[in-house]
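Asker: Attaching a single structure in structure tokens format; questions to follow.
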Amino acid sequence: MTKHWFVVSNTASGKGKAGAFMQTVQEFMNRHGLDFEFDSPDDQNTFIKVSKALRAGQRNFLVCGGDGTLNQCVNAIFQQSEVPHADCKVAFLPFGTGNDWIRTAGIPADPEKALDVLIHGREVRMDVGKVTSQWFNARKDAYFINIAGFAYDAFVVEQMELKFRKDKMGKIAYLLAVFSFLLRYKRTQVKVRSAEYNYDGPLFSGCAGICKYNGNGMMQVPHADPYDGKLAVTLMQYTSKWDVLMQTKNLYNGTFIKHKTIHTFQTESFTLESDPLVRLECEGEILGFSPFEFSVKPAALRIMVP
1 MTKHWFVVSN
11 TASGKGKAGA
21 FMQTVQEFMN
31 RHGLDFEFDS
41 PDDQNTFIKV
51 SKALRAGQRN
61 FLVCGGDGTL
71 NQCVNAIFQQ
81 SEVPHADCKV
91 AFLPFGTGND
101 WIRTAGIPAD
111 PEKALDVLIH
121 GREVRMDVGK
131 VTSQWFNARK
141 DAYFINIAGF
151 AYDAFVVEQM
161 ELKFRKDKMG
171 KIAYLLAVFS
181 FLLRYKRTQV
191 KVRSAEYNYD
201 GPLFSGCAGI
211 CKYNGNGMMQ
221 VPHADPYDGK
231 LAVTLMQYTS
241 KWDVLMQTKN
251 LYNGTFIKHK
261 TIHTFQTESF
271 TLESDPLVRL
281 ECEGEILGFS
291 PFEFSVKPAA
301 LRIMVP
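Dropping the structure here:
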């Protein structure tokens, strides 16, 4: 059992519930004889908090927040080379809007029950995805343990960021906003290349996943397995916006992949070029533009699960 944890909290997550829960975390740690250290309230960015903690010698991170907070922690670990990635361990208390990553990982949605994983859970090694995209005149890497989306998927995230506060919206209002973006979005011609599958043609939306869920319960990569050393890829061609609307309900059970215009495959790496360029997003954060280079780092992250 790991005896020392560095607690990283996005205190705004869960409409402030994450911040209020820190007293419960402290009591739990004391009750079970665990050493712990809280992050600095002066640093609001999780990436910065974890980066500083790594340099200070911390290796075990208890992340309290949403999927985006967890993703920033993963990137802080993997975007540095001084500390071996295998030395780091991550546990997670969910306080986000969607909490999609825990659906595949099997971590309880109740933070108090998730805390128990520190005592009675087990350590597994989860795959980590890597994507390189274009940022102005440079190529930039990003890492993910859930799903990275591109084309319409990223367009929706970008528009939501500009026009709405997703954390203030109900699920129905969110879906209505997403549908409204359909009217302004056009498919893109893409070229996808991998050892297992090639595709040349129009693309509406796409994603590459380590785990299965995003978008508050949508199963966009039902064929994902976070322990198989492969990326699960879904390319949504769709020939009409009516197809998109009719298949929305099937996004929640993964059966949309049976549609004749959906392409799925698993691979260790693939590339995507497009004309015009498309955006990339990961856990609600807008990243760069195509072309993209995707790959997987098998069993690269130590994670605590039940």
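According to the working numbering, the sequence shown holds residues 1 to 306 in order. Think of the CB as a built atom: it goes at the ideal place given N, C-alpha and C, for glycine as much as any other residue.
Which whole-angstrom value is the C-beta distance of valine 124 and valine 305, which I expect to be below 8 Å?
Answerer: Indeed they touch by this definition, with Cβ atoms about 5 Å apart.
Asker: What residue ranges within the region 216-247 form continuous beta strand (DSSP E) runs of no fewer than 3 residues, ordered along the chain?
Answerer: Runs of the beta strand (DSSP E) inside the region 216-247: 231-236.
Asker: Quick check on the DSSP output: the alpha helix (DSSP H) that includes isoleucine 77 runs from which residue to which?
Answerer: From DSSP, the alpha helix (DSSP H) with isoleucine 77 extends over 67-78.
Asker: Using DSSP with H/G/I as helix, E/B as strand and the rest coil, what is asparagine 307?
Answerer: Because residue 307 is not part of the residues shown, which for the chain are 1 to 306, the question remains open.
Asker: Excluding the five sequence neighbours on either side, which residues of its own chain have a C-beta within less than 8 Å of the C-beta of asparagine 99, listed in chain order?
Answerer: Here the set comprises Gly66, Asp67, Ala109.
Asker: Considering only C-alpha positions, which residue in the set Gly229, Ala154, Phe270 is nearest to isoleucine 286?
Answerer: Measuring from the Cα of isoleucine 286, the nearest candidate turns out to be Ala154.
Asker: Do you know whose CA, among Asn198, Arg279, Phe256, lies nearest valine 156's CA?
Answerer: Nearest option by C-alpha distance: Arg279.
Asker: By Cβ distance, which residues of its chain are closer than 6 Å to arginine 139, with the 5 residues on each side in sequence left out?
Answerer: Counting only Cβ-Cβ distances below 6 Å, and skipping sequence neighbours, we find Thr132.
Asker: Using 10 angstroms around the beta-carbon of lysine 230, count the other beta-carbons present and answer buried if the total reaches 16, otherwise exposed.
Answerer: Burial call: buried.
Asker: Measure how close the beta-carbons of valine 8 and leucine 62 come, nearest whole angstrom, since I'm counting them as under 8 Å.
Answerer: The Cβ separation is near 7 Å, so the contact holds.
Asker: Whose C-alpha, out of Ile77, Trp135, Thr97, Ser81, is nearest the C-alpha of cysteine 88?
Answerer: Nearest C-alpha to cysteine 88: Ile77.
Asker: Quick one: any contact between the region 208-218 and the region 189-197, if contact means 3 or more CB pairs under 8 Å?
Answerer: Not touching, per the Cβ criterion.
Asker: Does the Cβ-Cβ distance between phenylalanine 265 and valine 244 come in under 8 Å?
Answerer: Contact: no.
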